[in-house]
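J.:
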């Protein structure tokens with residue numbers, strides 16, 4: 009069965025987005041600082057995220073990661089990423105509002121799943137085949153899958169930033185055993201890869 | 009002037025102690041798991057903490073780190089660490105209740121400071137001379153000094169543990185620039201050393 013991976017940038021104080029997320033501030037106030045490490049010409053950091061996500065055969069994300077606002081869809085909204093989003097595989101978006109699949113350039117198709125997180129993961133596993141399913145965010149979505157005990161691997165990219173408020177990673181998450189198996193450091197970010205299993209699982 | 013360093017073990021979800029701290033559970037329920045990495049025969053982890061704290065000429069700690077409970081002192085209480093505490097230099101304990109200095113074996117003297125955190129730091133700086141002052145804990149004490157912008161270096165020992173509740177590091181702390189300058193990883197813990205300065209300070 010497909011491995012399930014969460015890959016997320018977090019502040020040192022544990023936030024994966026700043027407060028007051030909006031169309032203008034999709035990562036909340038100050039939240040874009042979490043991703044500074046992705047943009048400079050830091051070959052090492054780029055290589056880490058490429059290596060750690062190379063196996064992704066499908067993504068799952070919350071509606072808030074795909075679009076601002078709530079309620080019925082604005083059919084003109086096609087995500088934050090332009091015509092060729094950086095996924096290149098099927099993406100399953102959790103929502104309460106049905107919408108036909110949205111085929112983008114480069115192999116990305118956004119599929120809108122209205123029957124819950126477990127169903128979205130099941131569809132993503134089928135789409136991924138032998139490859140892994142990557143839970144992309146936001147915080148609520150990641151926390152939901154972590155709390156459900158279905159995540160096999162957690163990638164934390166710890167940015168040297170204090171946000172002070174926002175969307176907190178690990179809210180409501182307990183009962184997991186974590187085992188760090190790779191740590192890669194740069195001046196911009198500390199990458200830690202954890203193998204995850206439910207604390208009640210036996211070897 | 010003495011460098012000021014905070015050195016603290018934290019859970020992956022940002023707690024430096026579990027909930028319900030007591031005489032039986034000085035680190036709160038589950039909190040002793042934060043320090044597992046200190047006890048096994050992990051030469052590398054021992055070496056990190058020894059190297060990163062070798063320069064300590066004085067320590068500051070909150071009353072809760074020195075003793076359980078509140079109110080007037082039990083004069084028989086001489087700390088959690090037996091006759092020869094692991095400090096071997098002057099330790100300044102923040103408290104509202106005066107108490108004469110307590111001289112222990114091995115060079116540790118506990119001094120009880122009733123006129124506030126700034127005064128305790130000042131006394132610790134004088135005692136440390138050219139060496140550094142190490143802020144030992146707990147969370148409230150560390151957060152207070154971080155928020156005051158007087159900390160020069162922060163050592164996080166990130167244990168692969170989820171506590172879910174307890175004393176949260178960075179509560180109320182904002183306005184700091186962090187720069188990781190050393191990261192050392194083992195299967196038991198991820199050590200990250202940050203250089204810290206106030207965001208409003210110029211180079």
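Chains as they are written, first to last, in our numbering: chain A, 9 to 211; chain B, 9 to 211.
Quick reminder that beta carbons are idealized off the backbone N, C-alpha and C, glycines included.
Give a yes or no on whether the minimum CB-CB distance between residue 21 of chain A and chain B is below 8 Å.
T.: The residue you call residue 21 of chain A lines up with position 13 of the first chain. At least one chain B Cβ lies under 8 Å of residue 21 of chain A.
J.: Please state whether DSSP places residue 185 of chain B in a helix, a strand or coil.
T.: Numbered from its first residue, the second chain carries residue 185 of chain B at position 177. Reduced to three states, the DSSP call for residue 185 of chain B is strand.
J.: Name the chain A residues whose beta carbon is nearer than 9 Å to that of residue 172 of chain B?
T.: Stepping through the second chain from its first residue, residue 172 of chain B is reached at position 164. Those within 9 Å of residue 172 of chain B in chain A are 178, 180, 181, 182, 183.
J.: If contacts are defined as beta-carbon pairs under 8 Å, then residue 17 of chain B and residue 165 of chain B qualify, I think. What distance do you get, rounded to the angstrom?
T.: On the second chain, position 9 is the one that residue 17 of chain B refers to. On the second chain, position 157 is the one that residue 165 of chain B refers to. Rounded, the Cβ-Cβ distance is 4 Å, consistent with contact.
J.: Looking at the structure shown, is residue 138 of chain B part of a helix, part of a strand, or coil, going by DSSP?
T.: Looking up residue 138 of chain B in the second chain gives position 130. Of the three classes helix, strand and coil, the one that applies to residue 138 of chain B here is coil, per DSSP.
J.: Please list the terminal residues of the continuous beta strand (DSSP E) segment that includes residue 205 of chain B.
T.: Residue 205 of chain B sits at position 197 when you count from the first residue of the second chain. Residues 198–206.
J.: In the DSSP assignment, find the unbroken beta strand (DSSP E) run with residue 13 of chain B in it and report its ends.
T.: Position 5 of the second chain, counted from the start, is the residue given in the question as residue 13 of chain B. Unbroken beta strand (DSSP E) run through residue 13 of chain B: 12–19.
J.: Identify every run of the alpha helix (DSSP H) within the stretch 33–81 of chain A, keeping only runs that are complete inside it and at least 4 residues long; order them along the chain.
T.: 51–61, 71–74
J.: Got a sec? Which residues, its chain only, sit under 7 Å from residue 230 of chain A by beta carbon, not counting five neighbours each side?
T.: This structure cannot settle anything about residue 230 of chain A, because the visible part of chain A is limited to 9 through 211.
J.: What residue range does the beta strand (DSSP E) around residue 25 of chain A cover?
T.: Along the first chain, read from residue 1 onward, the residue named residue 25 of chain A stands at position 17. Unbroken beta strand (DSSP E) run through residue 25 of chain A: 23–25.
J.: What residues match up with residue 94 of chain A in a beta bridge as DSSP calls it?
T.: Position 86 of the first chain holds residue 94 of chain A. Per DSSP, none; premise fails for residue 94 of chain A.
J.: Can you tell me whether residue 173 of chain A is helix, strand or coil according to DSSP?
T.: For the purposes of this step, residue 173 of chain A is identified with residue 165 of the first chain, where counting begins at 1. Coil, per DSSP.
J.: Distance cutoff 8 Å, beta carbons only. Does residue 200 of chain A sit that close to anything in chain B?
T.: Taking the first residue of the first chain as position 1, residue 200 of chain A is located at position 192. With 8 Å as the cut-off, residue 200 of chain A counts as an interface residue toward chain B.
J.: With DSSP collapsed to three states, give me the class of residue 103 of chain B.
T.: For the purposes of this step, residue 103 of chain B is taken as the residue at position 95 of the second chain. Residue 103 of chain B: coil per DSSP, three-state reduction.
J.: Buried or exposed: where does residue 28 of chain B fall if 16 or more other Cβ atoms within 10 Å of its Cβ makes it buried?
T.: Along the second chain, read from residue 1 onward, the residue named residue 28 of chain B stands at position 20. Exposed, because fewer than 16 other Cβ atoms sit within 10 Å of the Cβ of residue 28 of chain B.
J.: Just checking, does the stretch 40–55 of chain B make contact with the stretch 81–89 of chain B on the three C-beta pairs under 8 Å criterion?
T.: No: fewer than three Cβ pairs fall under 8 Å.
J.: At a Cβ threshold of 8 Å, is residue 35 of chain A touching chain B?
T.: Indexing the first chain from 1 puts residue 35 of chain A at position 27. So, not an interface residue.
J.: Within 8 Å of any Cβ in chain B, is that where the Cβ of residue 27 of chain A sits?
T.: In the first chain, the residue the question calls residue 27 of chain A occupies position 19. Any Cβ of chain B closer than 8 Å to the Cβ of residue 27 of chain A would place that residue at the interface, and such an atom is absent.
J.: Along the beta strand (DSSP E) that carries residue 122 of chain B, what are the first and last residues, could you check?
T.: Taking the second chain and counting its residues from 1, one reaches residue 122 of chain B at position 114. Neither: residue 122 of chain B is in no beta strand (DSSP E) and is coded neither H nor E.
J.: Inspect the beta-carbon positions of residue 160 of chain A and residue 13 of chain A and report whether they are closer than 8 Å.
T.: Taking the first residue of the first chain as 1, we reach residue 160 of chain A at position 152. Taking the first residue of the first chain as 1, we reach residue 13 of chain A at position 5. The answer is yes: Cβ separation under 8 Å.
J.: If you draw a straight line from the C-alpha of residue 73 of chain A to the C-alpha of residue 183 of chain A, how long is it?
T.: Start at 1 with the first residue of the first chain, and residue 73 of chain A comes out as number 65. Start at 1 with the first residue of the first chain, and residue 183 of chain A comes out as number 175. Each residue's Cα considered, the two are about 26 Å apart.
J.: Check whether the stretch 141–152 of chain B and the stretch 108–116 of chain B are in contact - that is, three or more C-beta pairs closer than 8 Å.
T.: no
J.: If you draw a straight line from the alpha carbon of residue 55 of chain A to that of residue 94 of chain B, how long is it in whole angstroms?
T.: Against the first chain, residue 55 of chain A aligns to sequence position 47. Against the second chain, residue 94 of chain B aligns to sequence position 86. Rounded to the nearest angstrom, the two C-alpha atoms are 42 Å apart.
J.: Three or more beta-carbon pairs under 8 Å between the stretch 124–133 of chain A and the stretch 60–68 of chain A, yes or no?
T.: yes
J.: Note down the Cα distance separating residue 64 of chain A from residue 53 of chain B, rounded to an integer number of angstroms.
T.: What you label residue 64 of chain A is simply residue 56 of the first chain in a count that begins at 1. What you label residue 53 of chain B is simply residue 45 of the second chain in a count that begins at 1. The straight-line gap from Cα to Cα measures roughly 34 Å.
J.: I'd like to know whether the C-beta atoms of residue 208 of chain B and residue 45 of chain B end up nearer to each other than 8 Å.
T.: For the purposes of this step, residue 208 of chain B is taken as the residue at position 200 of the second chain. For the purposes of this step, residue 45 of chain B is taken as the residue at position 37 of the second chain. No, these two residues do not count as a Cβ contact at 8 Å.
J.: Can you check whether the C-beta of residue 128 of chain B is within less than 8 Å of a C-beta belonging to chain A?
T.: In the second chain, counting from the first residue as 1, residue 128 of chain B sits at position 120. No, residue 128 of chain B lies away from the interface with chain A (no Cβ there is under 8 Å from its Cβ).
J.: Go ahead and pull the three-state DSSP assignment for residue 145 of chain A.
T.: As a working note, residue 145 of chain A is residue 137 in the first chain. Three-state result, residue 145 of chain A: strand.
J.: Please classify residue 59 of chain B as buried or exposed, where buried requires at least 16 other C-beta atoms within 10 Å of its C-beta.
T.: The residue you call residue 59 of chain B lines up with position 51 of the second chain. Within 10 angstroms of the beta-carbon of residue 59 of chain B lie fewer than 16 other beta-carbons, which makes it exposed.
J.: How would you label residue 108 of chain B, buried or exposed, when you count the other beta carbons within 10 angstroms and need 16 or more for buried?
T.: Within the second chain, residue 108 of chain B is the residue found at index 100, counting from 1. Residue 108 of chain B should be labelled exposed.
J.: If residue 174 of chain A and residue 39 of chain A are in contact, beta carbons under 8 Å, what's the gap, nearest whole angstrom?
T.: Here the question's residue 174 of chain A lines up with position 166 in the first chain. Here the question's residue 39 of chain A lines up with position 31 in the first chain. Contact flag correct, Cβ pair sits at about 6 Å.
J.: Identify, in the order they occur along the chain, each residue of the same chain with its Cβ nearer than 6 Å to the Cβ of residue 205 of chain A, setting aside the five sequence neighbours on each side.
T.: Counting from 1 along the first chain, the entry for residue 205 of chain A is found at position 197. Here the set comprises 185.
J.: Please work out which residues of its chain come closer than 8 Å, Cβ to Cβ, to residue 35 of chain B, disregarding the five sequence neighbours upstream and downstream, and give them in chain order.
T.: If you number the second chain from 1, residue 35 of chain B lands on position 27. Here the set comprises 25, 26, 29, 42, 43.
J.: For a quick check, are the C-beta atoms of residue 171 of chain A and residue 23 of chain A less than 8 Å apart?
T.: For the purposes of this step, residue 171 of chain A is identified with residue 163 of the first chain, where counting begins at 1. For the purposes of this step, residue 23 of chain A is identified with residue 15 of the first chain, where counting begins at 1. Yes, these two residues count as a Cβ contact at 8 Å.
J.: Just to confirm the assignment, what range does the beta strand (DSSP E) spanning residue 161 of chain B have?
T.: Residue numbering aside, residue 161 of chain B sits at position 153 when the second chain is read from its first letter. Residues 161–167.
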